[in-house]
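If you read the sequence shown in this note's numbering, its first letter stands for residue 31, the second for the next number, and so on. Yeah, the Cβ is synthetic: ideal placement off N, Cα and C, and Gly gets one too. Given the structure is predicted, the values throughout are model-derived calculations rather than measurements. See structure below.
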Amino acid sequence: MDQSEPAPGKQATRRADDHFSGESHRSTLQDASEQPAIGPSNDQNVDLEHSRDGLNDHQREGPRRAAPSSQYLNKVELSLLFIAQGLTASLVLMYVMIIATAIPSITKAFQTVEDLDWYSTAYLFSLYVITFFLSFDGKSFRSISPEGKRSFAATIVLLKAREPLLTVPQAVYLASIAVFEVGNVVCGVSQTSATFIVGRAIAGIGAAGIQNGSLVMLTAAAAPDVRGALMGMGMGLTVVGGAFGPVVGGVITQHLGWRWCMWIFLPPGGAAALVFFFLRVPEQRVKEPPLTALRTMHHKLDIPGFAIFVPAVVMLLLAVSWGGQRYPWRSATILGLFLGGVVVLGLFVAWTWHRKDRALVPPSILKKQVVFCGCVVVFLQIGAFATVGDYLPLWFQSVKQATPTNSGLMLLPAMVTQILATIFCGFLLNKLGYIPPWALAGNVLSAIGSGLMTTFTPSSSQGKWVGYQVLVGVGRGWVIQMPAIALQYILSGEEIAIGTATIMFFQYFGSAVFLAISKSIFLNVLDSALHKYAPSVSFEEIVHAGATELPSLVPPDEYQGVLTAYSDALVSTFWLAAAASVIAFFFSFGLGWTRVTEQIANLYTKDELNAEPSTVPIGETKADKRPAPVATEKQPPMAA
31 MDQSEPAPGK QATRRADDHF SGESHRSTLQ DASEQPAIGP SNDQNVDLEH
81 SRDGLNDHQR EGPRRAAPSS QYLNKVELSL LFIAQGLTAS LVLMYVMIIA
131 TAIPSITKAF QTVEDLDWYS TAYLFSLYVI TFFLSFDGKS FRSISPEGKR
181 SFAATIVLLK AREPLLTVPQ AVYLASIAVF EVGNVVCGVS QTSATFIVGR
231 AIAGIGAAGI QNGSLVMLTA AAAPDVRGAL MGMGMGLTVV GGAFGPVVGG
281 VITQHLGWRW CMWIFLPPGG AAALVFFFLR VPEQRVKEPP LTALRTMHHK
331 LDIPGFAIFV PAVVMLLLAV SWGGQRYPWR SATILGLFLG GVVVLGLFVA
381 WTWHRKDRAL VPPSILKKQV VFCGCVVVFL QIGAFATVGD YLPLWFQSVK
431 QATPTNSGLM LLPAMVTQIL ATIFCGFLLN KLGYIPPWAL AGNVLSAIGS
481 GLMTTFTPSS SQGKWVGYQV LVGVGRGWVI QMPAIALQYI LSGEEIAIGT
531 ATIMFFQYFG SAVFLAISKS IFLNVLDSAL HKYAPSVSFE EIVHAGATEL
581 PSLVPPDEYQ GVLTAYSDAL VSTFWLAAAA SVIAFFFSFG LGWTRVTEQI
631 ANLYTKDELN AEPSTVPIGE TKADKRPAPV ATEKQPPMAA
């Protein structure tokens, strides 16, 4: 045995105890790349000593719960991170929902309802595409050493201090907040519908960095046994933004004007940026030198895949959005868009198969049952959420003639129950054990609620539109968060960021696709319903008027027929939400049937092996850190 290896006894015992103690080792984390380990580390020597009797700690005592160490933030820091993360994440969802009650006024200002789907789709499209691209950007950044991160971050934020205060994830996060705010400014000053759509797209780029970085940093900062509860509460805070978005948007639109729905995002975004500027997120891995990572970054970023995927999706969205209204379904334009989108999408699939795990959508990640089923569930449920969120307030204002403020208040039954259901589910998940039952029950309730909402008429009572919203809110609160939580317990540390980005990619992809489909349903049903209930009224005249202009536009003797047609067209979109929940029900069976408590124990085992980056020598892998073979008579001890 090497003389540098500690003999069995107090020294090894003390090191083993220190490894599982709650003492802070921040200096070890910060200096990991400055002093790379050469040869066996202390922790490896401890493992050698403990393996002599043929049992390691976990075999002898079962899964050990490690106290929070240097790899996690302390309670105060974690609380600040959680609050700031919840605030920024809630802004992202609020930005989706705040225009729900403002859209009727926006259509009136720009004198068209043909672009109403793009007011949300432009934001969501850039959000989901850039979100996935950032996930691989982050993968490259995570390979940079702490010193390189600080230097690179200084360049990004133009700091001139001797020692930069930020890591690259923080700098990217702050830059994302800045881009998000720029998009708000563009929307606030827009004078045309096209400019407003461009501003929404810019805001979506910033929101992608916010949404992706929030969950990744929370995962890195929180211990495994609190991640589920924190993510549940985080989802709840995010939904709070969605819940208050329509109310805030309605009040602001009615009393200040719809443009102020964009300006109000500047102060809270700045406040959250200050927190992330001063708070350091812990490093979890040994990093390679920055120049090495930057030289190989173009190999890790799937730029060709990105360039192939975006036009494919744009062509398909335009085909769905324009079909039946701007162009006939059988026109050369629509058929060409569909054909071109399918062909280019096929090229993207072929490119992904060729590039394998370096592709924009890693096949190895999607092959995992939990990831695949989770992607389908969020694609369907978030798409259903976006559909109801856009068209229900439109129904309240155009059919029920509610003011923007009242229409926001009328959405509270769904939003408040969704918040409560999300928080309730997050707290009970660790105790009750399994993830799929929550998703299954949630899909059933949301399918029933969405189906009942298709029965709305101009004379529907308050009890109906309140009760049906409660069903949808509770169901969606139970199911939406389950795929993201399941990934935290199934995937390894390196896969969580990519898996989370994959989930969010399909989440916002679903919103964009469903909003395009729902607008097509709305306009096509409205066209046929007007011929049935008000044949003398021009469809083009109704479309190019604002959604709230029906009473002043239509003759009194035709008004009731137009109102019925408008109501039928709007509630027809809820069939899409109901069908999505039914399909999501079957895919929820694949979210993993392992008890959460067992998965937490496994996570602690993994985290103990990765507790200190300095314990893994440069050039070694986790597999190299396994205990040495047990010394027996037939197998002599390994030579030093």
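Look up residue i in the DSSP assignment and say whether it is helix, strand or coil.
i: G622; result: coil
i: Y357; result: strand
i: D145; result: coil
i: T484; result: coil
i: K386; result: helix
i: P392; result: coil
i: L545; result: helix
i: D587; result: helix
i: V401; result: helix
i: T447; result: helix
i: D420; result: helix
i: T131; result: coil
i: T222; result: coil
i: A238; result: helix
i: S597; result: helix
i: A432; result: coil
i: G287; result: coil
i: P565; result: coil
i: G489; result: Contrary to the premise, residue 489 reads as Ser rather than Gly in this sequence. Correct three-state label for S489: coil.
i: A7; result: Since the first residue of the chain shown is 31 and the last is 670, residue 7 is not available in this structure.
i: Y464; result: coil
i: A608; result: helix
i: D332; result: coil
i: I510; result: coil
i: F295; result: coil
Thinking residue i and residue j are a contact (beta carbons under 8 Å), I'd like their distance in whole angstroms, please.
i: A477; j: A608; result: 5 Å
i: I232; j: G213; result: 4 Å
i: S223; j: T142; result: 6 Å
i: F552; j: S602; result: 7 Å
i: W383; j: I136; result: Wrong, their Cβ atoms sit about 42 Å apart, outside the cutoff.
i: G503; j: Q448; result: 4 Å
i: F409; j: Q537; result: 7 Å
i: A130; j: P423; result: 5 Å
i: I515; j: L459; result: 7 Å
i: L390; j: F339; result: 6 Å
i: L309; j: L580; result: Incorrect: roughly 51 Å between the Cβ atoms, too far for contact.
i: T417; j: G280; result: Going by Cβ atoms, the distance from T417 to G280 rounds to 19 Å, so no, they are not a contact pair.
By how many angstroms is the C-alpha of residue j removed from the C-alpha of residue i?
i: V446; j: L108; result: 26 Å
i: A380; j: L442; result: 45 Å
i: F402; j: L396; result: 5 Å
i: G39; j: M263; result: With a pLDDT of only 42 at G39, under the threshold of 50, the placement of this residue in the model should not be trusted; the figure read from the coordinates follows. Roughly 45 Å separates the two Cα atoms.
i: I533; j: G540; result: 11 Å
i: A595; j: Q518; result: 46 Å
i: M483; j: M127; result: 19 Å
i: L367; j: Q355; result: 15 Å
i: Y125; j: G275; result: 7 Å
i: F336; j: P134; result: 34 Å
i: T485; j: V122; result: 31 Å
i: A21; j: F140; result: Any property of residue 21 remains undetermined from this structure, which presents the chain solely from 31 to 670.
i: F454; j: P466; result: 16 Å
i: A599; j: P358; result: 19 Å
i: A114; j: F210; result: 15 Å
i: M512; j: G404; result: 8 Å
i: V592; j: P565; result: 9 Å
i: G229; j: W148; result: 11 Å
i: Y203; j: V543; result: 27 Å
i: V429; j: F226; result: 26 Å
i: L583; j: W290; result: 27 Å
i: K105; j: W425; result: 45 Å
i: L377; j: A614; result: 28 Å
Mind checking whether the beta-carbon of residue i lies closer than 7 Å to any heavy atom of the ligand NAD?
i: A233; result: Ligands in the displayed structure: none, and consequently the ligand NAD is not present.
Could you tell me whether any Cβ in chain B is nearer than 8 Å to the Cβ of residue i?
i: G463; result: Any reference to chain B falls outside this structure, which holds one protein chain only.
**Asked** Three or more C-beta pairs closer than 8 Å, one from the stretch 565-576 and one from the stretch 537-548: is that the case here?
**Response** No, because fewer than three Cβ pairs between the stretch 565-576 and the stretch 537-548 fall closer than 8 Å, the two stretches do not touch.
**Prompt:** For the 8 Å Cβ check, are there 3 or more pairs between the stretch 115-127 and the stretch 294-303?
**Reply:** Taking 8 Å as the limit for Cβ pairs, the verdict is that the stretch 294-303 does touch the stretch 115-127.
**Asked** Would you call the stretch 503-513 and the stretch 457-470 touching, i.e. three or more CB-CB distances under 8 Å?
**Response** Counting Cβ pairs under 8 Å, three or more are found: they touch.
**Request:** Inspect the CB distances between the stretch 345-352 and the stretch 368-378 and report whether three or more fall short of 8 Å.
**Result:** As far as the Cβ criterion goes, the stretch 345-352 touches the stretch 368-378, which means the pair count is three or higher.
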